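Trainee:
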Amino acid sequence: MTHSNLQTRILGLLDDSFADGLARLDPSTGRLLSQNGQWAIGEQTVIYSFAYLYTNPASRHYRNDAALQVAIKNGDALRAFQHPDGSVDFLKSDGSVWGKTFMPWPIYPWAEAYRLLRDALDDDRRARWEQGLRLWAEHAHHSLTPESRIHNIPAYDAAILARLSQILDEPAWMETAKRYIARTINDQHPDGFWAEAGCPTTLYNLVYYNAIGLYYCFTKDETALQALKRALDFQIHFTYPDGPCVQTVDGLVKYSHKPSLFGAPAMLHFGEGRALLDVIVNQLQTHPSAIALNPCLTAACEHFPGGDRLPIPQTSDSFVSVRNG
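Mapping of the sequence shown onto my numbering: position 275 corresponds to residue 373, and the numbering continues sequentially without gaps.
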């Protein structure tokens, strides 16, 4: 497997995170625990990383049985937490429950882990996992109607539905996903953002950007490229030199010193995006390694197309940009 330098560094971050992720998994339940010892359903997203490291010959953890077992336990925990209709309780790490949900956050990494580990699963477990993923996908398929409002979470649902269409050979799901992604692309502001509460956003914009980026990784549907290019231009001009999002654009996003990894699979396809991802990876190397066990970073590593990096403001000595006066 040929790696660019950036791809190799991303894989190194994932490999370096292995021990920390392993230590955070409760072996009796398969749940990844939060720092307070509790767990949240939305945080169960490391399964893809473990599966990817296990199946990637370039990883230091290739064919490491511990990686396989932790992925299996986490997948079993996700399936066990589902209700008969495929929903889960929206359990937060503080112990509060916000009702039933079909949230996408744990589903995408679970779907990719199923794809990577399908042949390593016993027949019963493979069938249970597939049934759980099908339950979620059927809900998304019926929920993403032509009348559905455009929002960041359904956009992510659509990208996952496209992937599950490929994994589970369900062409009707792909048509639903394409239709919603097309509507999402059409809803993008010419300046490269999707409005939330009538405003441009940075962090929420990355969820849309990530969804369309993943969709392009899966389908190579070139109708997505112009939207990805516009969104990248917006994010570049509202990202601090060390990688975090500028927080003051919209009043919705608070400052965080940690860069978001949403959007990593979308940045790959452009020289400027690879340069921005390089800035983010540099910053990640100064933070605890657990942040690298992230499905967006894992997807970026798996789908990395290679290519040069182009200059961006974050790597310039100074830069001035005026947008809309």
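Backbone N, C-alpha and C define an ideal beta-carbon position, used for all residues, glycine too.
For clarity, every value in this text was computed on a predicted model and none was experimentally measured.
(1) Taking only three categories from DSSP, how would you classify Met99?
(2) Is the distance from the Cβ of Phe316 to the Cβ of Arg261 below 7 angstroms?
(3) Here's the rule: buried if 16 or more other CB atoms are within 10 angstroms of the residue's CB, otherwise exposed. What is Ala165?
(4) On a Cα-Cα basis, can you pick out the residue from His181, Asp406, Ser419 and Cys399 that is closest to Leu109?
(5) Leaving out five residues on either side along the sequence, give the residues of the same chain with a beta carbon under 8 angstroms from the beta carbon of Leu111.
(6) In the DSSP assignment, what are the bridge partners of Asp163?
(7) Could you check the C-alpha separation between Arg281 and Ser126 for me, to the nearest Å?
(8) What beta strand (DSSP E) runs, 3 residues minimum, are completely inside the stretch 285-338?
(9) Do Pro342 and His355 have their beta-carbon atoms positioned less than 7 angstroms apart in this structure?
(10) Here's a check: name, in chain order, each residue in its chain whose Cβ is nearer than 7 angstroms to the Cβ of Ala293, leaving out the five neighbours to either side.
(11) Alpha carbon to alpha carbon, how far is Val344 from Tyr353? Give it in angstroms, no decimals.
(12) Given Thr100, which residues of its chain have a CB within under 7 angstroms of its CB, disregarding the five upstream and five downstream residues?
(13) Can you tell me where the beta strand (DSSP E) holding Asp187 begins and where it ends?
(14) Thinking C-beta only, is Ile145 closer than 7 angstroms to Ala169?
(15) Looking only at its own chain, which residues have a Cβ that is under 6 angstroms from the Cβ of Tyr306, when we skip the five neighbours before and after it?
(16) Any chance the stretch 193-200 sits against the stretch 211-221, with 3 or more Cβ pairs inside 8 angstroms?
(17) Specify the secondary structure class of Thr199 as computed by DSSP and reduced to three states.
(18) Is any beta-carbon of chain D found at less than 7 angstroms from that of Thr337?
(19) In the DSSP output, what is Leu130 paired with across the bridge?
(20) Among all the DSSP beta bridges, which residues are the ones paired with Cys343?
(21) Can you tell me the Cβ-Cβ gap for Tyr150 and Asn162, rounded? I've got them flagged as a contact below 8 angstroms.
(22) Between Asp174, Ala322 and Arg158, which lies nearest to Phe367 when the distance is taken from Cα to Cα?
(23) Select from Gly184, Asn308, Thr300 and Ala178 the residue whose C-alpha is nearest the C-alpha of His237.
(24) Excluding sequence positions up to five away, which residues of its chain have a Cβ less than 6 angstroms from the Cβ of Asp331?
(25) Can you tell which of Gly311, Gln167 and Asp348 has its C-alpha closest to the C-alpha of Phe336?
(26) Mind checking whether Ala362 and Arg407 have CB atoms under 7 angstroms apart?
(27) Taking 6 angstroms as the limit between beta carbons, can you name the residues of its chain near Leu312, skipping five residues before and five after?
(28) Would you mind sorting Arg122 into buried or exposed? The rule is 16 or more other CB atoms within 10 Å of its CB.
(29) Just reading off the alpha helix (DSSP H) that Tyr152 is part of, what are its end residues?
Mentor: On the basis of the coordinates in this document:
(1) By one-based count along the sequence shown, residue 99 stands at place 1. Reliability fails at Met99, whose pLDDT of 37 lies under 50, so the model's placement of it is uncertain and the value that follows must be treated cautiously. When secondary structure is reduced to three states using DSSP, Met99 falls in the coil class, being assigned neither helix nor strand.
(2) Working through the sequence shown from its first residue, we reach residue 316 at position 218. Working through the sequence shown from its first residue, we reach residue 261 at position 163. The answer is yes: Cβ separation under 7 angstroms.
(3) Within the sequence shown, residue 165 is the residue found at index 67, counting from 1. Residue burial annotation: Ala165 is buried, with at least 16 other C-beta atoms found within 10 angstroms of its C-beta.
(4) Along the sequence shown, one-based indexing puts residue 109 at 11. Of His181, Asp406, Ser419 and Cys399, the residue nearest in Cα terms is Cys399.
(5) Translated into the one-based positions of the sequence shown, residue 111 becomes position 13. If we look at Leu111 and ignore the five residues flanking it on each side, its Cβ neighbours are Val379, Leu382, Gln383, Ser387, Ala390 and Leu395.
(6) Stepping through the sequence shown from its first residue, residue 163 is reached at position 65. Answer by DSSP bridge pairing: none, since Asp163 is not bridged.
(7) Looking up residue 281 in the sequence shown gives position 183. Looking up residue 126 in the sequence shown gives position 28. Between Arg281 and Ser126, the C-alpha separation is close to 43 angstroms.
(8) Listed in chain order, there is nothing to give.
(9) Here residue 355 is taken as the residue at index 257 of the sequence shown, counted from 1. Here residue 342 is taken as the residue at index 244 of the sequence shown, counted from 1. By the CB criterion at 7 angstroms, His355 and Pro342 fall inside the cutoff.
(10) By one-based count along the sequence shown, residue 293 stands at place 195. Cβ within range, chain order: His287.
(11) In the sequence shown, the residue the question calls residue 353 occupies position 255. In the sequence shown, the residue the question calls residue 344 occupies position 246. Tyr353 and Val344: Cα-Cα distance of roughly 7 angstroms.
(12) Locating residue 100 in the sequence shown gives position 2, counting from the first residue. Only weak support exists for where Thr100 lies, its pLDDT of 41 falling under 50; the coordinates are left without a value.
(13) For this step, residue 187 is matched to residue 89 along the sequence shown. For Asp187, the uninterrupted beta strand (DSSP E) run begins and ends at Val186 to Leu189, by DSSP.
(14) Looking up residue 169 in the sequence shown gives position 71. Looking up residue 145 in the sequence shown gives position 47. Yes, these two residues count as a Cβ contact at 7 angstroms.
(15) Position 208 of the sequence shown, counted from the start, is the residue given in the question as residue 306. So the list reads Asn250, Ala253 and Trp292, once near-sequence residues are dropped.
(16) Counting Cβ pairs under 8 angstroms, fewer than three are found: no touch.
(17) Position 101 of the sequence shown, counting from 1, holds the residue named residue 199. In this structure, Thr199 counts as strand in the three-state DSSP scheme.
(18) Among the protein chains of the structure shown there is no chain D, as only one such chain exists.
(19) To locate residue 130, count along the sequence shown from 1; it is residue 32. In the DSSP output, where bridge partners are listed per residue, Leu130 has Leu123.
(20) Locating residue 343 in the sequence shown gives position 245, counting from the first residue. The secondary-structure analysis by DSSP pairs Cys343 across a beta bridge with Thr337.
(21) Along the sequence shown, read from residue 1 onward, the residue named residue 150 stands at position 52. Along the sequence shown, read from residue 1 onward, the residue named residue 162 stands at position 64. With a Cβ gap of about 12 angstroms, Tyr150 and Asn162 do not count as contacting.
(22) Counted from its first residue, the sequence shown places residue 367 at position 269. One detail in the question is off: residue 367 reads as His in this sequence, not Phe. That would be Ala322, whose Cα lies nearest to the Cα of His367.
(23) By 1-based counting over the sequence shown, the position of residue 237 is 139. Nearest to His237 by C-alpha distance, out of Gly184, Asn308, Thr300 and Ala178, is Gly184.
(24) As a first step, residue 331 must be located in the sequence shown, where it is residue number 233. Taken in chain order, the residues that qualify are Gly290.
(25) Along the sequence shown, one-based indexing puts residue 336 at 238. Distances from the CA of Phe336 to each of Gly311, Gln167 and Asp348 were compared; the closest alpha carbon is that of Asp348.
(26) By one-based count along the sequence shown, residue 362 stands at place 264. By one-based count along the sequence shown, residue 407 stands at place 309. Not in contact: Ala362 and Arg407 (Cβ atoms no closer than 7 angstroms).
(27) As a first step, residue 312 must be located in the sequence shown, where it is residue number 214. Excluding positions up to five away in sequence, the list reads Ala257 and Pro363.
(28) Within the sequence shown, the letter at position 24 stands for residue 122. Taking every protein chain shown into account, the CB of Arg122 has 16 or more other CB atoms within 10 angstroms, so this residue is buried.
(29) Here residue 152 is taken as the residue at index 54 of the sequence shown, counted from 1. Tyr152 -> alpha helix (DSSP H) spans Ile145 to Thr153.
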